[in-house]
């Protein structure tokens, strides 16, 4: 996750760069359409331009002179439009008969357009793509709010995103930050916004609009990188919830001091499940069920309903595990939650569709 000095120097001031300079660093996913659909749209647009030009010429036909001396017909106007838009109207060779002009419109002009596409199509496509990406970046930076920034698109980062998508979070509300272009390509193919750079740099996180984010997930490969990313993220935002995954439990206090709201120790959690599986494998199966939102059961949180205020969480139809009061989790059974209060949230088990 930590880049070299040259990479850091090159990325200073990312947040202040113009939008067109961010193409390739910040990538907004595109809606995939068939190449034939795209080609058909371009052809239809070109035909529309031809008809527009022909109509303009025909309406002002009194100001045009035909070398035959006849008044311009719409066919003449359409012919004039085609040779004019294709920049070939030199006037040295002029089809005189309607049949010749019709052949020029139907056969010669399409061949001329195909030649232009082959000659300059690649350059136009590149320029158009960069302009479109710059416009999308500008629009995204102005509108993005309350999204989730995921630092690291390895196994932990991908699994976290899969869980969020399973809970109904839209791909457009997730931004992935990583230094690995291969990982970012996979994220972009999944419809996620991506930022190329080291999340230890404040400019990279600003580019991901972490200051407007609702949550930040730090799934770095190293604990020291996770600490530095957490410090940088917390410096930029005071309101976002920061969740961090680390390998060693001894680093929990460092993450807490750095501003992390929740810390998950991946190695110890996996070790506990392995130990439980040797004696009670069905417990592990149930835990996997609870952690998989697509089917079976899932742990969820909801607001307290007015009719539930004053009652005990143990008497509800839902299986309540705890009550969140003033941001603190109080487990069911504690005397503080014998009566539900207004503003509480319930942590409960809900059934999901199979």
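In the UniProt record's numbering, the protein residues as written are 1 to 354. Beta carbons are placed, not taken as given, at the ideal position from N, Cα and C, and that holds for glycine.
TODO: Only counting runs of 3 or more residues, tell me where the beta strand (DSSP E) segments fall wholly within the UniProt domain "RCK N-terminal" (145 to 265), in order along the chain.
DONE: 148 to 151, 174 to 178, 193 to 196, 215 to 218, 241 to 246, 262 to 265
Open item on the list: Determine whether the beta carbon atoms of residue 177 and residue 151 lie at a separation below 8 Å.
Closed with: By 1-based counting over the chain shown, the position of residue 177 is 177. By 1-based counting over the chain shown, the position of residue 151 is 151. Yes, Cβ-Cβ distance for residue 177 and residue 151 is below 8 Å.
Open item on the list: In the DSSP output, what is residue 329 paired with across the bridge?
Closed with: Residue mapping note: residue 329 aligns to position 329 of the chain shown, counting from 1. DSSP output for residue 329 lists 324 as bridge partner(s).
Open item on the list: So, at 7 Å on beta carbons, what are the nonlocal neighbours of residue 57 in its own chain, with the 5 sequence-adjacent residues on each side left out?
Closed with: Within the chain shown, residue 57 is the residue found at index 57, counting from 1. Excluding positions up to five away in sequence, the list reads 64, 77, 80, 81.
Open item on the list: Using the three-state DSSP reduction, which class does residue 298 fall into: helix, strand or coil?
Closed with: For the purposes of this step, residue 298 is identified with residue 298 of the chain shown, where counting begins at 1. In the structure shown, residue 298 sits in a strand (DSSP, three-state: E or B).
Task: DSSP three-state assignment for residue 347, whether helix, strand or coil - done: As a position in the chain shown, residue 347 is number 347, starting the count at 1. Residue 347 falls in the strand class under three-state DSSP.
Open item on the list: Applying the 10 Å Cβ sphere with the 16-neighbour rule, what's the burial state of residue 174?
Closed with: Locating residue 174 in the chain shown gives position 174, where the first residue counts as 1. Residue 174 should be labelled buried.
- [ ] Taking the CB atoms as reference points, tell me whether residue 237 and residue 219 lie closer together than 8 Å.
- [x] The sequence position of residue 237 within the chain shown is 237, counting from 1. The sequence position of residue 219 within the chain shown is 219, counting from 1. It is not a contact, given that the beta carbons lie outside the stated cut-off.
Task: Neighbourhood of residue 169 by C-beta distance below 8 Å, restricted to the same chain and skipping five residues each side - done: Position 169 of the chain shown, counting from 1, holds the residue named residue 169. 148.
Open item on the list: For residue 303, which residues in the same chain have their Cβ closer than 7 Å to its Cβ, ignoring the five residues on either side in sequence?
Closed with: Along the chain shown, one-based indexing puts residue 303 at 303. Correct list, in chain order: 345.
Open item on the list: Please identify the residue among 179, 313, 195 whose C-alpha is closest to the C-alpha of residue 140.
Closed with: Walking along the chain shown from the start, residue 140 turns up at place 140. The shortest C-alpha separation from residue 140 is found at 195.
Task: residue 223 classed as buried or exposed, judged by whether at least 16 other C-beta atoms fall within 10 angstroms - done: Position 223 of the chain shown, counting from 1, holds the residue named residue 223. Residue 223 should be labelled buried.
TODO: Provide the residue span of the alpha helix (DSSP H) that contains residue 283, from first to last.
DONE: Walking along the chain shown from the start, residue 283 turns up at place 283. Segment 281 to 291, the alpha helix (DSSP H) holding residue 283.
- [ ] With DSSP as the reference, label residue 316 as helix, strand or coil.
- [x] Here the question's residue 316 lines up with position 316 in the chain shown. It is coil, neither helix nor strand.
Task: Cβ of residue 335 within 8 Å of any chain D Cβ - done: No chain D is present in this structure, which holds just one protein chain.
Task: Nonlocal neighbours in the same chain, by C-beta distance under 6 Å from residue 318, ignoring five residues either side - done: Taking the first residue of the chain shown as 1, we reach residue 318 at position 318. Closer than 6 Å at Cβ, skipping near neighbours: 348.
TODO: On the DSSP bridge assignment, give the partners of residue 352 in chain order.
DONE: In the chain shown, counting from the first residue as 1, residue 352 sits at position 352. According to DSSP, which records beta bridges pairwise, residue 352 is partnered with 296.
Task: For residue 303, the three-state DSSP class (helix, strand or coil) - done: Working through the chain shown from its first residue, we reach residue 303 at position 303. In the structure shown, residue 303 sits in a strand (DSSP, three-state: E or B).
Task: Nearest-angstrom Cα separation, counted from residue 156 out to residue 43 - done: The residue you call residue 43 lines up with position 43 of the chain shown. The residue you call residue 156 lines up with position 156 of the chain shown. The alpha-carbon atoms of residue 43 and residue 156 are separated by roughly 45 Å.
Open item on the list: Among the candidates 286, 216, 305, 72, whose CA atom is the shortest distance from the CA of residue 60?
Closed with: Within the chain shown, residue 60 is the residue found at index 60, counting from 1. Residue 60 has its Cα closest to that of 72, out of 286, 216, 305, 72.
Open item on the list: So for residue 334, helix, strand or coil by DSSP?
Closed with: Mapped onto the chain shown, residue 334 falls at position 334. It is a strand residue.
TODO: State the Cα-Cα distance for the pair residue 282 and residue 272, rounded to the nearest angstrom.
DONE: Within the chain shown, residue 282 is the residue found at index 282, counting from 1. Within the chain shown, residue 272 is the residue found at index 272, counting from 1. Rounded to the nearest angstrom, the two C-alpha atoms are 14 Å apart.
- [ ] Tell me whether residue 267 sits in a helix, a strand or coil according to DSSP, three-state version.
- [x] Numbered from 1 along the chain shown, position 267 holds the residue referred to as residue 267. Helix, per DSSP.
Open item on the list: Going by beta-carbon coordinates alone, are residue 227 and residue 205 separated by less than 8 Å?
Closed with: To locate residue 227, count along the chain shown from 1; it is residue 227. To locate residue 205, count along the chain shown from 1; it is residue 205. Not closer than 8 Å, so no.
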